[in-house]
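Residue numbers (the working numbering), protein chains in the order written: chain E, 563 to 1014; chain S, 3 to 273. Below is one structure, written out as structure tokens, with a few remarks after it.
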């Protein structure tokens, strides 16, 4: 069987190299041909918008959506498994609400990435890059990166009153070393980066790039004179070296703040108390609510980030999914209950508003975690097999794509690459093979078999 | 259910965990996500509702507070510049401090509990060898492993007489409640449950154990007799109830409740 590529696997324990894609898994990809499903989906777009829930840091697939209750104790972990509404599929007890809603989404159990480091894997995961380093050059520059899926869709759709690609986080997402380089426009330039918004646990919306505008609230947004004075102050204070960047940010912020209806979209107080409470008063919960409002208002691509940083308990970090230590207590205390509540509420809310008919919702991280428990009773990075959840936007609910092996280490069937994730998202959103070829992105990409 | 309506102690809604009574039940110290990228220890004065940071100048995550019954000793966990979590032991009388750092750079110390005689701190240590319940002396040295089992062992709670430890363990599969002697001998499973049972908390009279169960698919507080009989449900709400701890008078249980999406401290009557 022909090996199309290999990839370097970076782990905390060291470095390894594994053969990866086999031609038998990806013949259409190898030949650069669209599948019939993909072609049909792109011609009749099902998804007006894409809402990506990004679980940065790498959620443990074995402890959430792909438990292995019959695996040895040093693999299976301390959580019981529960039935879902998908035949033969079990979740762990950390996700009871999602298990009850599992007939409303489809589950991919065999996502694979090419790299075991957060930033390269994040870049690959968000761009579909096939290079094992995600396209990172020796200087760690963004210049050679392919564009983010959101940048592609935003460019395809063209300009609107609201940005075409919005990312919700406290700042550029990444790890303690730096942001994910594939977060935005990459080689297309900063004009194709996402517009970043931050949402606090109580729903206050701000623009992280404009640090001097801390405290910008919907009420203050209504006072355009104040906002413009503040933006002018930012501009005056920017040094000459940073002026170009600040000017770009200024223009985008100005356009956004002056666009009709933008203020109202950001104002979560316009939601009922019942709705806001259902999402929960956490930054992630209110960000998901804001994400729903943004796609409802017509933003083509919204990425809601679980946290800005992948790390959990570093001095700067905000409880990402990178649980090298204390994985099981953290998942039981915090990550599991919060994800279960918020994502279940999002699915309910989207369904009740009819938004799942026109919005594709995808929930995933850049990789999973080691099925074998590490020496300190936790789990490290694992990019050879992980999960994603797909709902709405033309995805058939109740499907299960792929099966992992007995310990959750490798796909037995249907490995799903980041390029396939991006191709599927874009196909559902109306970006055809020809469109991708014209933009020179995800060329030869293949959609996820069985999902459309 | 409790015999009277629970009393809400905080209303800021911020994420909280691991509350414990101090000062004879006049104050509560708990862990709270008070800013987006930090967990802090907060002290709540029950008389006037005033809240103050325990360590106002500390810039790292700090959580899982424990106090000796006489208030002299205080232990908590704090983050470092890596995934490593340190155990800090403070002598409030002498105003001195000692810290235990796990040998592994990624090792973590969690859930400290101070023996009633103030001789040692029991805690959970994740380090090579697994996640085990261990102890150190009050100078944060002389590490001793109390459990040596498969699976993980967590959330220790010491009986008021200092002779027993209740804890959760996955040694037989998923997380269940156990008791053992303080030296790790005579391990007994309290009962069998199809779902995880967490965070046992021994009552001040030593006769009961409060804990969190997800047996109905939701986090609820229960109380059981120390011999594993007499199960009694304390909370029943579609949102989460967790992190139970006893008031020193033994008639009330402090817990974190999620209500309308907000996380606050509530006091439940269990007479």
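Think of the CB as a built atom: it goes at the ideal place given N, C-alpha and C, for glycine as much as any other residue.
Can the beta-carbon of residue i be found less than 9 Å from the beta-carbon of residue j?
i: residue 983 of chain E; j: residue 923 of chain E; result: no
i: residue 712 of chain E; j: residue 865 of chain E; result: yes
i: residue 154 of chain S; j: residue 131 of chain S; result: no
i: residue 988 of chain E; j: residue 724 of chain E; result: no
i: residue 172 of chain S; j: residue 179 of chain S; result: no
i: residue 89 of chain S; j: residue 111 of chain S; result: yes
i: residue 991 of chain E; j: residue 611 of chain E; result: yes
i: residue 626 of chain E; j: residue 175 of chain S; result: no
i: residue 101 of chain S; j: residue 66 of chain S; result: no
i: residue 46 of chain S; j: residue 52 of chain S; result: yes
i: residue 1026 of chain E; j: residue 847 of chain E; result: As displayed, chain E neither begins before 563 nor continues past 1014, which places residue 1026 of chain E out of reach and without an answer.
i: residue 857 of chain E; j: residue 726 of chain E; result: no
i: residue 929 of chain E; j: residue 683 of chain E; result: yes
i: residue 671 of chain E; j: residue 993 of chain E; result: no
i: residue 753 of chain E; j: residue 744 of chain E; result: no
i: residue 149 of chain S; j: residue 200 of chain S; result: no
i: residue 685 of chain E; j: residue 742 of chain E; result: yes
i: residue 901 of chain E; j: residue 657 of chain E; result: yes
i: residue 70 of chain S; j: residue 876 of chain E; result: no
i: residue 10 of chain S; j: residue 33 of chain S; result: no
Should residue i go down as buried or exposed, given a rule of 16 or more other Cβ atoms within 10 Å for buried?
i: residue 593 of chain E; result: Residue confidence is low: residue 593 of chain E scores 37 on pLDDT, short of 50, so the model does not pin down where it sits. Its coordinate-derived value is still stated next. Classification for residue 593 of chain E: exposed.
i: residue 60 of chain S; result: exposed
i: residue 583 of chain E; result: Because the pLDDT of residue 583 of chain E is 32, which lies under 50, any placement of that residue in the model is unreliable, and the number read from its coordinates should be weighed accordingly. Looking at its Cβ environment, which holds 16 or more other Cβ atoms inside 10 Å, residue 583 of chain E is buried.
i: residue 736 of chain E; result: buried
i: residue 826 of chain E; result: exposed
i: residue 213 of chain S; result: buried
i: residue 1016 of chain E; result: Summary: the structure shown does not reach residue 1016 of chain E, with chain E confined to residues 563 through 1014, and so no result is reported for it.
i: residue 28 of chain S; result: exposed
i: residue 13 of chain S; result: exposed
i: residue 37 of chain S; result: exposed
i: residue 589 of chain E; result: In this prediction, residue 589 of chain E scores a pLDDT of 33, lower than 50, which makes its location untrustworthy; no coordinate-derived value is stated.
i: residue 166 of chain S; result: buried
i: residue 998 of chain E; result: buried
i: residue 269 of chain S; result: buried
i: residue 1000 of chain E; result: exposed
i: residue 774 of chain E; result: Its pLDDT being 43, under 50, residue 774 of chain E is placed unreliably by the model, and the measurement read from it follows with that caveat. Classification for residue 774 of chain E: exposed.
i: residue 889 of chain E; result: buried
i: residue 272 of chain S; result: buried
i: residue 1008 of chain E; result: buried
i: residue 231 of chain S; result: exposed
i: residue 654 of chain E; result: buried
i: residue 996 of chain E; result: exposed
i: residue 673 of chain E; result: buried
Could you tell me which residues DSSP puts in a beta bridge with residue i?
i: residue 190 of chain S; result: S:181
i: residue 761 of chain E; result: E:767
i: residue 985 of chain E; result: According to DSSP, which records beta bridges pairwise, residue 985 of chain E is partnered with nothing at all.
i: residue 926 of chain E; result: E:616 and E:950
i: residue 834 of chain E; result: Beta-bridge pairing links residue 834 of chain E to no other residue.
i: residue 727 of chain E; result: E:863
i: residue 123 of chain S; result: S:116 and S:138
i: residue 156 of chain S; result: S:170
i: residue 132 of chain S; result: S:129
i: residue 256 of chain S; result: S:247 and S:269
i: residue 199 of chain S; result: S:215
Which whole-angstrom value describes the C-beta separation of residue i and residue j, a residue pair presumed to lie in contact below a C-beta threshold of 8 Å?
i: residue 75 of chain S; j: residue 135 of chain S; result: With a Cβ gap of about 18 Å, residue 75 of chain S and residue 135 of chain S do not count as contacting.
i: residue 266 of chain S; j: residue 15 of chain S; result: 6 Å
i: residue 927 of chain E; j: residue 896 of chain E; result: The pair is not a contact, with the Cβ atoms about 16 Å apart (cut-off 8 Å).
i: residue 77 of chain S; j: residue 109 of chain S; result: Not quite, the Cβ-Cβ distance comes to about 17 Å (not below 8 Å), so this is no contact.
i: residue 162 of chain S; j: residue 206 of chain S; result: 6 Å
i: residue 261 of chain S; j: residue 241 of chain S; result: 6 Å
i: residue 838 of chain E; j: residue 263 of chain S; result: 7 Å
i: residue 952 of chain E; j: residue 668 of chain E; result: 5 Å
i: residue 966 of chain E; j: residue 628 of chain E; result: 6 Å
i: residue 874 of chain E; j: residue 892 of chain E; result: 6 Å
i: residue 283 of chain S; j: residue 124 of chain S; result: Lying before the first or after the last residue shown, residue 283 of chain S is absent from chain S, which here runs from 3 to 273.
i: residue 639 of chain E; j: residue 651 of chain E; result: That pair is no contact at about 17 Å.
i: residue 238 of chain S; j: residue 257 of chain S; result: Going by Cβ atoms, the distance from residue 238 of chain S to residue 257 of chain S rounds to 13 Å, so no, they are not a contact pair.
i: residue 887 of chain E; j: residue 940 of chain E; result: 5 Å
Write down every uninterrupted run of the alpha helix (DSSP H) in the stretch 645-700 of chain E whose length is 4 residues or greater and which is fully enclosed by it, in chain order. For the stretch 645-700 of chain E, whole alpha helix (DSSP H) runs of length 4 or above, ordered along the chain, are 658-662 and 680-689.
Taking only runs that begin and end inside the stretch 845-914 of chain E, name each unbroken beta strand (DSSP E) of 3 or more residues, in chain order. 863-867
Please specify which runs of the beta strand (DSSP E), each continuous and at least 3 residues long, are wholly inside the stretch 227-254 of chain S, giving them in chain order. 243-248
Taking only runs of the beta strand (DSSP E) that begin and end inside the stretch 23-107 of chain S, which ones reach a length of at least 3 residues, in chain order? 29-37, 40-47, 53-55, 64-69, 75-81, 87-93 and 98-102
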